[in-house]
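A short write-up of the structure that comes next.
Residue numbers (full-length UniProt numbering): 1 to 482.
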């Protein structure tokens with residue numbers, strides 16, 4: 001008998017936890033909005049000015065969480081990976097150019113020249129250290145986290161000055177004093193109790209009389225070493241701070257007006273979704289919807305804080321509210337894609353009527369710090385995709401020679417790349433008779449490498465060749481949504 005199951009990724013929300021209604025009446029809400037702005041929203045002075053206008057139009061916005069200016073993090077990641085002297089100089093110059101464009105629009109008395117100089121000098125030092133040969137992998141990851149974190153430190157330094165030039169009582173705040181994490185550099189896990197403790201101790205009074213500007217994505221461990229929460233972690237930071245302060249709302253301001261039924265660049269008739277439940281949004285984020293970081297909803301669910309997603313370029317265009325429950329629960333809600341998937345297929349006759357084979361496989365993967373995402377099994381084989389949610393590492397990069405050697409001692413291994421996961425998100429999918437007929441009708445002309453369905457009533461996932469993914473999404477969207 002073939003079996004299909006879904007192994008939850010680290011950032012995934014268990015369905016049971018999303019439907020748990022906790023009584024928060026004993027925890028008084030702080031009537032403030034925590035606003036997060038992404039990289040394109042603070043890409044240059046013009047974009048920052050729009051963000052300033054938006055903040056000033058919403059008096060409840062008291063804590064502002066920023067990503068690095070668009071493009072900066074990519075440059076810093078290159079530096080962290082090690083470059084030759086010429087490439088390093090060019091990359092540092094590119095980072096400096098982005099910041100100087102913003103600096104040039106500030107009046108002399110508001111220019112944070114010394115702060116920017118110190119940050120840029122520190123980037124140079126860290127980039128040189130990352131080039132050092134024979135340093136341990138742990139040391140290299142630690143240096144990379146500190147280096148990459150400077151993107152957010154730069155953007156928040158400049159944006160604080162932009163607001164101050166407008167006459168706003170704006171305060172720069174280093175989030176590393178609050179955002180406490182473990183020491184898993186590159187994708188650190190937050191320590192919720194410590195975050196709540198420090199948020200109440202250092203931030204609560206500060207937001208009462210000021211607009212506080214702080215960083216997303218970054219934190220620090222018990223030794224005060226800089227850590228990062230993984231790519232896209234600024235959303236997560238905003239939600240964690242909202243939970244710690246018991247804020248009344250999180251607003252995620254990005255470059256699109258809310259969540260759509262799919263990516264409008266793929267299906268032009270994709271339509272905006274005004275209201276969506278936590279569980280639906282979590283499924284979308286987990287399976288590739290880049291508008292929301294997969295972990296963002298965890299703190300929001302725990303503290304029952306609604307999340308608004310809107311466009312900083314056009315705040316009057318509306319957006320999407322994500323909350324515990326919604327009035328409508330349609331069978332089909334949205335389609336998402338997650339590209340650059342790697343499929344690992346393990347074949348062994350030992351699986352047949354045997355106990356412990358999968359346990360050995362997962363023990364090997366755990367030793368190599370690999371998390372499994374989707375899995376399908378048959379009598380003598382198991383196929384699985386590798387979870388890289390929130391990481392800058394692709395699945396094929398995780399498949400090292402030492403991993404293959406260990407697996408080969410247990411079974412035969414096949415590795416397939418250039419695959420894309422297409423996920424259909426909805427409600428009661430496992431209980432709706434005939435729901436699969438339209439889906440399989442659309443999928444019939446295309447080769448399907450793997451199907452995962454049944455573990456959750458909110459998703460139907462297919463792994464397909466990347467060259468077919470966009471056409472499949474277009475066809476499914478036309479059939480199910482248009």
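Note that CB positions come from ideal geometry on N, CA and C, so glycine has one too.
What residues are listed by DSSP as bridge partners for residue 522?
Nothing about residue 522 can be reported from this structure: the residues present for the chain run from 1 to 482 only.
Please give me, in chain order, every unbroken run of the alpha helix (DSSP H) with length at least 4 that falls completely inside the stretch 135–182.
137–165
Would you check if the distance between the CB atom of residue 262 and the CB atom of residue 270 is smaller than 8 Å?
On the chain shown, residue 262 is found 262 positions in, with the first residue counted as 1. On the chain shown, residue 270 is found 270 positions in, with the first residue counted as 1. For residue 262 and residue 270, yes; Cβs fall inside 8 Å.
Suppose contacts are defined by Cβ-Cβ distances below 8 Å. Is residue 219 in contact with residue 227 by that definition?
Taking the first residue of the chain shown as position 1, residue 219 is located at position 219. Taking the first residue of the chain shown as position 1, residue 227 is located at position 227. Against a cut-off of 8 Å, the Cβ pair of residue 227 and residue 219 comes out as a contact.
Assigned exposure category for residue 55 - 16 Cβ within 10 Å defines buried
In the chain shown, counting from the first residue as 1, residue 55 sits at position 55. Label assigned to residue 55: buried.
For residue 459, the residue or residues it bridges with in DSSP
Start at 1 with the first residue of the chain shown, and residue 459 comes out as number 459. According to DSSP, residue 459 bridges with 425.
Who are the near neighbours of residue 288 in its chain, counting only those whose CB is closer than 6 Å to its CB and skipping five residues on each side?
The sequence position of residue 288 within the chain shown is 288, counting from 1. Here the set comprises 336, 337, 338.
Would you mind working out which of 383, 465, 77 sits nearest residue 374, comparing C-alpha positions?
For the purposes of this step, residue 374 is taken as the residue at position 374 of the chain shown. Comparing Cα-Cα distances from residue 374 to each of 383, 465, 77, the minimum goes to 383.
Residues near residue 191 by beta carbon distance below 8 Å, same chain, minus five either side
As a first step, residue 191 must be located in the chain shown, where it is residue number 191. Answer for residue 191: 180, 181, 182, listed in chain order.
In the DSSP assignment, find the alpha helix (DSSP H) that holds residue 74 and state where it starts and stops.
Looking up residue 74 in the chain shown gives position 74. Looking at the DSSP string, the run of the alpha helix (DSSP H) that includes residue 74 is 72–81.
Runs of 3 residues minimum, wholly inside the stretch 222–304: which ones carry the beta strand (DSSP E) assignment?
226–228, 247–254, 275–277
State the DSSP-derived secondary structure class of residue 325, mapped to helix, strand or coil.
Walking along the chain shown from the start, residue 325 turns up at place 325. Three-state DSSP puts residue 325 in coil, outside helix and strand.
Please state if the CB of residue 423 and the CB of residue 461 are separated by a distance shorter than 8 Å.
If you number the chain shown from 1, residue 461 lands on position 461. If you number the chain shown from 1, residue 423 lands on position 423. In contact: residue 461 and residue 423 (Cβ atoms closer than 8 Å).
Taking the beta carbon of residue 467 as the centre, do at least 16 other beta carbons fall within 10 Å, making it buried, or is it exposed?
Residue mapping note: residue 467 aligns to position 467 of the chain shown, counting from 1. When all chains shown are included, residue 467 counts as exposed.
Once DSSP output is grouped into helix, strand and coil, what is the label at residue 68?
Taking the chain shown and counting its residues from 1, the one referred to as residue 68 is at position 68. Coil.
So, using beta-carbon positions, are residue 33 and residue 58 closer together than 8 Å?
Along the chain shown, one-based indexing puts residue 33 at 33. Along the chain shown, one-based indexing puts residue 58 at 58. Their beta carbons are under 8 Å apart, which means residue 33 touches residue 58 by this criterion.
Please state if the CB of residue 215 and the CB of residue 142 are separated by a distance shorter than 8 Å.
In the chain shown, residue 142 corresponds to position 142, counting from 1. In the chain shown, residue 215 corresponds to position 215, counting from 1. No, the pair does not count as a contact, with Cβ atoms beyond the cut-off.
What are the start and end residues of the alpha helix (DSSP H) that includes residue 409?
To locate residue 409, count along the chain shown from 1; it is residue 409. Counting along the chain, residue 409 falls outside any alpha helix (DSSP H), and DSSP gives it neither H nor E.
Minimum Cβ-Cβ distance from residue 368 to chain B less than 8 Å
This model lacks chain B altogether, as it is built from one protein chain only.
C-beta contact flag for residue 312 and residue 45 at 8 Å:
Counting from 1 along the chain shown, the entry for residue 312 is found at position 312. Counting from 1 along the chain shown, the entry for residue 45 is found at position 45. The answer is no: Cβ separation not under 8 Å.
Please state the DSSP three-state secondary structure of residue 40.
Taking the chain shown and counting its residues from 1, one reaches residue 40 at position 40. In the structure shown, residue 40 falls within a helical segment according to DSSP collapsed to helix, strand and coil.
Whole-angstrom distance between residue 408 and residue 238, CA atom to CA atom:
As a first step, residue 238 must be located in the chain shown, where it is residue number 238. As a first step, residue 408 must be located in the chain shown, where it is residue number 408. Each residue's Cα considered, the two are about 43 Å apart.
Identify, in the order they occur along the chain, each residue of the same chain with its Cβ nearer than 6 Å to the Cβ of residue 275, setting aside the five sequence neighbours on each side.
Taking the first residue of the chain shown as position 1, residue 275 is located at position 275. Excluding sequence neighbours, residue 275 sits near 321, 326.
Can you tell me whether residue 479 sits near the ligand NAP, meaning its C-beta is under 7 Å from at least one heavy atom of the ligand?
By its list of ligands, the structure shown contains no ligand whatsoever, and the ligand NAP lies outside what it can speak to.
For residue 112 and residue 161, which I take to be in contact (beta-carbon distance under 8 Å), what is that distance rounded to the nearest angstrom?
Taking the first residue of the chain shown as position 1, residue 112 is located at position 112. Taking the first residue of the chain shown as position 1, residue 161 is located at position 161. Confirmed, about 5 Å.
Residue 381 to residue 196, Cα distance in whole Å?
On the chain shown, residue 381 is found 381 positions in, with the first residue counted as 1. On the chain shown, residue 196 is found 196 positions in, with the first residue counted as 1. Distance between the alpha carbons of residue 381 and residue 196: 46 Å.
Quick one: any contact between the stretch 76–87 and the stretch 113–120, if contact means 3 or more CB pairs under 8 Å?
no
Would you call residue 135 buried or exposed, if buried means 16 or more other Cβ atoms sit within 10 Å of its Cβ?
By 1-based counting over the chain shown, the position of residue 135 is 135. Exposed, by the Cβ-count rule.
Among 457, 346, 368, the one whose alpha carbon lies nearest that of residue 416:
Position 416 of the chain shown holds residue 416. Checked all of 457, 346, 368; the closest Cα to residue 416 is 346.
How should residue 245 be labelled, buried or exposed, when 16 other C-beta atoms within 10 angstroms of its C-beta is the threshold for buried?
To locate residue 245, count along the chain shown from 1; it is residue 245. So residue 245 ends up on the buried side.
Per-residue DSSP class, three states only, for residue 400
Here residue 400 refers to the residue found at position 400 of the chain shown. Coil, per DSSP.
Going by Cα to Cα distance, which pick from 150, 152, 199, 127 is closest to residue 140?
One-based indexing of the chain shown puts residue 140 at position 140. Here the closest residue by C-alpha is 127.
Apart from the five residues just before and just after residue 194, which ones in its own chain have a Cβ nearer than 6 Å to its Cβ?
Counting from 1 along the chain shown, the entry for residue 194 is found at position 194. Once the five neighbours on either side are set aside, the close Cβ partners of residue 194 are 180.
Taking C-alpha atoms, which residue in 412, 445, 454 lies nearest to residue 428?
For the purposes of this step, residue 428 is taken as residue 428 along the chain shown, with counting starting at 1. Of the candidates 412, 445, 454, the one whose C-alpha sits nearest the C-alpha of residue 428 is 454.
For residue 365, name the three-state secondary structure that DSSP assigns.
For the purposes of this step, residue 365 is taken as the residue at position 365 of the chain shown. Helix at residue 365.
How far does the alpha helix (DSSP H) with residue 356 in it reach, from first residue to last?
Translated into the one-based positions of the chain shown, residue 356 becomes position 356. Residue 356 -> no alpha helix (DSSP H), and no H or E assigned at all.
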